[in-house]
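The sequence shown maps to residues 104 to 171 in the numbering used here. Idealized CB from N, CA, C, for every residue including glycine.
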Amino acid sequence: MIYILLTLGIIIGVYAIFNNIGGIFSALSIKDPTLMSVKLLQSLLPVIAGAVILYVSATNLYDIIKKK
Numbered sequence: 104m105i106y107i108l109l110t111l112g113i114i115i116g117v118y119a120i121f122n123n124i125g126g127i128f129s130a131l132s133i134k135d136p137t138l139m140s141v142k143l144l145q146s147l148l149p150v151i152a153g154a155v156i157l158y159v160s161a162t163n164l165y166d167i168i169k170k171k
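Spelled out as structure tokens, the structure:
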């Protein structure tokens, strides 16, 4: 059961990263600094959260498989 949850965490992390990475690049083309910072943070925070979820799930899954 834990393998399924950790695999799901990896999938969710990758989805969060790739779903929001385009917003970071599109935010750099906005000329207004206020709108650019809002758009950048709106896309950057889910990417950071996805990276953390991906890192934690992958390291835990690796440790479980390594102990086996």
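Subject >> Presumed contact (8 Å Cβ cut-off) between Val159 and Ile124, rounded CB distance >> reply: Along the sequence shown, one-based indexing puts residue 159 at 56. Along the sequence shown, one-based indexing puts residue 124 at 21. With a Cβ gap of about 19 Å, Val159 and Ile124 do not count as contacting.
Subject >> CA-to-CA distance, Ile107 to Tyr118, given in whole angstroms >> reply: As a working mapping, residue 118 is identified with position 15 in the sequence shown. As a working mapping, residue 107 is identified with position 4 in the sequence shown. The alpha-carbon separation between Tyr118 and Ile107 amounts to approximately 16 Å.
**OP:** Pull up the distance between the alpha-carbon of Ile127 and that of Asp135, whole angstroms please.
**Re:** As a first step, residue 127 is located in the sequence shown; it is residue number 24 there, counting from the start. As a first step, residue 135 is located in the sequence shown; it is residue number 32 there, counting from the start. In a straight line, the C-alpha of Ile127 is about 15 Å away from that of Asp135.
Subject >> For Met139, three-class secondary structure by DSSP >> reply: Taking the sequence shown and counting its residues from 1, one reaches residue 139 at position 36. Helix at Met139.
Subject >> alpha helix (DSSP H) segment containing Ile107, residue limits >> reply: By one-based count along the sequence shown, residue 107 stands at place 4. It spans 105-130 - the alpha helix (DSSP H) in which Ile107 sits, taken as one unbroken run.
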